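Engineer:
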Amino acid sequence: MDLRAYTRQFAVQDNRLAGLSYFGTFAVYFAALYLAITHVDRWFAMIPAGVVFAFAAVRLYVLQHDCGHHSLFETRRQNEIAGHVLSPFTFAPFEVMKQNHNLHHAGVGNLEHRETGEIHTMTLREWQAADWKTRLIYRLYRNPFILIPLGAAFTYFIRYRWPKNATRFGALGVVAHNGAIAVFLGLLWWMAGTTGVLVWLIFSFLGGMLGVFLVYLQHNFEDTYWDRRPDLDPQLAALQGSSALDFGWWFDNAVACITLHDIHHFNARIPSYRLRACHYGLPPEYAPRRIKFGEAVAALNLKLWDEDTRRLVPFPPGRPVAKARVAG
Numbered sequence: 001m002d003l004r005a006y007t008r009q010f011a012v013q014d015n016r017l018a019g020l021s022y023f024g025t026f027a028v029y030f031a032a033l034y035l036a037i038t039h040v041d042r043w044f045a046m047i048p049a050g051v052v053f054a055f056a057a058v059r060l061y062v063l064q065h066d067c068g069h070h071s072l073f074e075t076r077r078q079n080e081i082a083g084h085v086l087s088p089f090t091f092a093p094f095e096v097m098k099q100n101h102n103l104h105h106a107g108v109g110n111l112e113h114r115e116t117g118e119i120h121t122m123t124l125r126e127w128q129a130a131d132w133k134t135r136l137i138y139r140l141y142r143n144p145f146i147l148i149p150l151g152a153a154f155t156y157f158i159r160y161r162w163p164k165n166a167t168r169f170g171a172l173g174v175v176a177h178n179g180a181i182a183v184f185l186g187l188l189w190w191m192a193g194t195t196g197v198l199v200w201l202i203f204s205f206l207g208g209m210l211g212v213f214l215v216y217l218q219h220n221f222e223d224t225y226w227d228r229r230p231d232l233d234p235q236l237a238a239l240q241g242s243s244a245l246d247f248g249w250w251f252d253n254a255v256a257c258i259t260l261h262d263i264h265h266f267n268a269r270i271p272s273y274r275l276r277a278c279h280y281g282l283p284p285e286y287a288p289r290r291i292k293f294g295e296a297v298a299a300l301n302l303k304l305w306d307e308d309t310r311r312l313v314p315f316p317p318g319r320p321v322a323k324a325r326v327a328g
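Residue numbers (full-length UniProt numbering): 1 to 328.
#1: Could you check whether residue 88 and residue 154 sit closer than 7 Å to each other, using their CB atoms as the reference points?
#2: Hey, quick one: how far does the beta strand (DSSP E) through residue 305 stretch, first residue to last?
#3: Leaving out five residues before and five after residue 91 in sequence, what residues of the same chain have Cβ atoms less than 6 Å from its Cβ?
#4: At the level of alpha carbons, what is the spacing between residue 253 and residue 132?
#5: From residue 27 to residue 52, what does the alpha carbon distance come to, in whole angstroms?
#6: Short of 8 Å in beta carbon distance, which residues of its chain neighbour residue 277, apart from the five on each side in sequence? Order them along the chain.
#7: Can you have a look at residue 208 and say buried or exposed, based on whether 16 or more other CB atoms are within 10 angstroms of its CB?
#8: What do you reckon, are the CB atoms on residue 261 and residue 243 nearer than 7 Å?
#9: I'd like to know whether the C-beta atoms of residue 273 and residue 21 end up nearer to each other than 7 Å.
#10: Helix, strand or coil, according to DSSP, for residue 122 in the structure here?
#11: Going by DSSP in three states, residue 15 sits in which element: helix, strand or coil?
#12: In its own chain, which residues sit with a C-beta less than 6 Å from the C-beta of residue 158, not counting the 5 before and 5 after it?
#13: Within a Cβ cutoff of 6 Å, which residues of the same chain sit near residue 35, ignoring the five residues on either side of it in sequence?
#14: May I have the straight-line CA-CA distance separating residue 29 from residue 63, to the nearest angstrom?
#15: Specify the secondary structure class of residue 313 as computed by DSSP and reduced to three states.
#16: With three or more beta-carbon pairs closer than 8 Å as the criterion, would you say the region 132–143 touches the region 69–79?
#17: Taking buried to mean at least 16 other C-beta atoms within 10 Å of its own C-beta, is residue 23 buried or exposed?
#18: Going by C-alpha distance, which of 233, 217, 295, 236 is nearest residue 119?
#19: If you run the structure through DSSP and keep just helix, strand and coil, what is residue 110?
#20: For residue 411, collect the residues of the same chain with a Cβ closer than 8 Å to its Cβ; drop the 5 residues on either side in sequence, then sort them by chain order.
#21: What distance in whole Å lies between the Cβ atoms of residue 58 and residue 148, which are believed to be in contact at a cut-off of 8 Å?
#22: Quick check on the DSSP output: what are the complete alpha helix (DSSP H) runs of length 4 or more inside the region 58–91, in order along the chain?
#23: Which residues in the same chain as residue 237 place their Cβ atom closer than 6 Å to its Cβ, once the five residues preceding and following it in sequence are excluded?
#24: Run through the DSSP bridge pairs and tell me what residue 223 is partnered with.
#25: How long is the line joining the alpha carbons of residue 77 and residue 247, rounded to whole angstroms?
#26: Here's the rule I'm using: 16 or more other beta-carbon atoms within 10 Å means buried, otherwise exposed. How should residue 233 be labelled?
#27: In angstroms with no decimal places, state the Cα-to-Cα distance between residue 14 and residue 40.
#28: How is residue 244 classed by DSSP in three states: helix, strand or coil?
#29: Please return the same chain residues whose Cβ sits closer than 7 Å to the Cβ of residue 268, not counting the five positions on each side in sequence.
#30: Less than 7 Å separating the beta-carbons of residue 305 and residue 123?
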């Protein structure tokens, strides 16, 4: 089977499906936010509305990601305009994030270019050679109770105000993006007051944590793929090095199928509204192993890439600080 020929069948954009996905998600985003704000004194209504809003926010982010690959709408210009319009609501400046994400695709699975990844991974050898300060910082960084909440708060509310490569890929666009966010929040405050802004902030933070969790799982699972050139295999890096999460039909569609990251990395031109059909249409011999929710949570315990066993592994047992002192 020619896998590239197979995936090209699904790399077809349809403005009707794209528009339904794009404007439909915006409708859910604003309707859920309105319900959460107007029912703020009734937790049994506010919380479900806020959760729906958080998922809609993640979905908008994924649609912006599709626009960056020019895979959502039929033309490049349509994708570019749609991506910029999404920016104030995703908190991600479109042009810079598009270029940074393209660098990530170019470097996926490459141990010599881990700076292009969203979440840093040390190798077991690097861990064993590291001093106690480096180990402590990395332990804190990879702790899920730090990585997910603090990672979400830092990434979406602080780092993206001036993301990496901002000067290289468009500083003016980042400034305009931040100005658009200020206008959006100003309008929200004008219409709904401080309560409205706080409700938006709390559930945006929830959406950010969901986003960080999904980003972590995209390349951090036991039998993922890392290698060094010249042995690096781009096809294995795309398929084996990217996850296929099996959280069910509803979850897939709630997050615009970013859960099927393997097929996306293999062919980034497949729009999110065709990813599920492409993935689940694979013959059994090509179908990847799909990660269930329990295994996904357990993957948070995997911290280091072991180049000998070619597996992502937990921290070695024992007291790393003491071992580092002995090694020194």
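Even glycine gets a Cβ: it sits at the ideal position worked out from N, Cα and C.
Just so it is clear, the structure is predicted and the values come from calculations on it, not from any experiment.
Structural biologist: A quick look at the data gives this:
#1: Along the sequence shown, read from residue 1 onward, the residue named residue 154 stands at position 154. Along the sequence shown, read from residue 1 onward, the residue named residue 88 stands at position 88. The answer is no: Cβ separation not under 7 Å.
#2: Position 305 of the sequence shown, counted from the start, is the residue given in the question as residue 305. From DSSP, the beta strand (DSSP E) with residue 305 extends over 304–306.
#3: As a position in the sequence shown, residue 91 is number 91, starting the count at 1. Closer than 6 Å at the Cβ level, and outside the excluded window around residue 91, lie 156, 160.
#4: As a position in the sequence shown, residue 253 is number 253, starting the count at 1. As a position in the sequence shown, residue 132 is number 132, starting the count at 1. Distance between the alpha carbons of residue 253 and residue 132 is about 43 Å.
#5: Position 27 of the sequence shown, counting from 1, holds the residue named residue 27. Position 52 of the sequence shown, counting from 1, holds the residue named residue 52. So the two alpha carbons sit approximately 12 Å from each other.
#6: Along the sequence shown, read from residue 1 onward, the residue named residue 277 stands at position 277. 10.
#7: Indexing the sequence shown from 1 puts residue 208 at position 208. That one is buried.
#8: Taking the first residue of the sequence shown as position 1, residue 261 is located at position 261. Taking the first residue of the sequence shown as position 1, residue 243 is located at position 243. Yes, Cβ-Cβ distance for residue 261 and residue 243 is below 7 Å.
#9: For the purposes of this step, residue 273 is identified with residue 273 of the sequence shown, where counting begins at 1. For the purposes of this step, residue 21 is identified with residue 21 of the sequence shown, where counting begins at 1. It is a contact, given that the beta carbons lie within the stated cut-off.
#10: Translated into the one-based positions of the sequence shown, residue 122 becomes position 122. Residue 122 falls in the strand class under three-state DSSP.
#11: As a first step, residue 15 must be located in the sequence shown, where it is residue number 15. Residue 15 falls in the helix class under three-state DSSP.
#12: What you label residue 158 is simply residue 158 of the sequence shown in a count that begins at 1. Correct list: empty, nothing qualifies.
#13: Residue numbering aside, residue 35 sits at position 35 when the sequence shown is read from its first letter. These residues qualify, in order along the chain: 49.
#14: The residue labelled residue 29 in the question sits at position 29 within the sequence shown. The residue labelled residue 63 in the question sits at position 63 within the sequence shown. Using only the alpha carbons, I get a separation of about 13 Å.
#15: For the purposes of this step, residue 313 is identified with residue 313 of the sequence shown, where counting begins at 1. Strand at residue 313.
#16: no
#17: Counting from 1 along the sequence shown, the entry for residue 23 is found at position 23. Exposed, since its Cβ has fewer than 16 Cβ neighbours within 10 Å.
#18: Within the sequence shown, the letter at position 119 stands for residue 119. Comparing Cα-Cα distances from residue 119 to each of 233, 217, 295, 236, the minimum goes to 217.
#19: Mapped onto the sequence shown, residue 110 falls at position 110. Here residue 110 sits in strand by DSSP.
#20: This structure leaves residue 411 out entirely; the chain is present only between 1 and 328.
#21: In the sequence shown, residue 148 corresponds to position 148, counting from 1. In the sequence shown, residue 58 corresponds to position 58, counting from 1. Not a contact, Cβ separation roughly 13 Å.
#22: 76–90
#23: Position 237 of the sequence shown, counted from the start, is the residue given in the question as residue 237. Correct list, in chain order: 108, 109, 225.
#24: Here residue 223 is taken as the residue at index 223 of the sequence shown, counted from 1. Answer is none; residue 223 lacks a bridge partner.
#25: The residue you call residue 77 lines up with position 77 of the sequence shown. The residue you call residue 247 lines up with position 247 of the sequence shown. Cα to Cα, residue 77 sits roughly 34 Å from residue 247.
#26: Walking along the sequence shown from the start, residue 233 turns up at place 233. Exposed.
#27: Position 14 of the sequence shown holds residue 14. Position 40 of the sequence shown holds residue 40. Rounded to whole angstroms, residue 14 to residue 40 spans 39 Å at the Cα level.
#28: Reading the sequence shown from its first residue, position 244 is the one you call residue 244. DSSP places residue 244 in strand when its eight states are reduced to three.
#29: Here the question's residue 268 lines up with position 268 in the sequence shown. Taken in chain order, the residues that qualify are 69, 71, 105.
#30: The residue given as residue 305 occupies position 305 in the sequence shown. The residue given as residue 123 occupies position 123 in the sequence shown. In contact: residue 305 and residue 123 (Cβ atoms closer than 7 Å).
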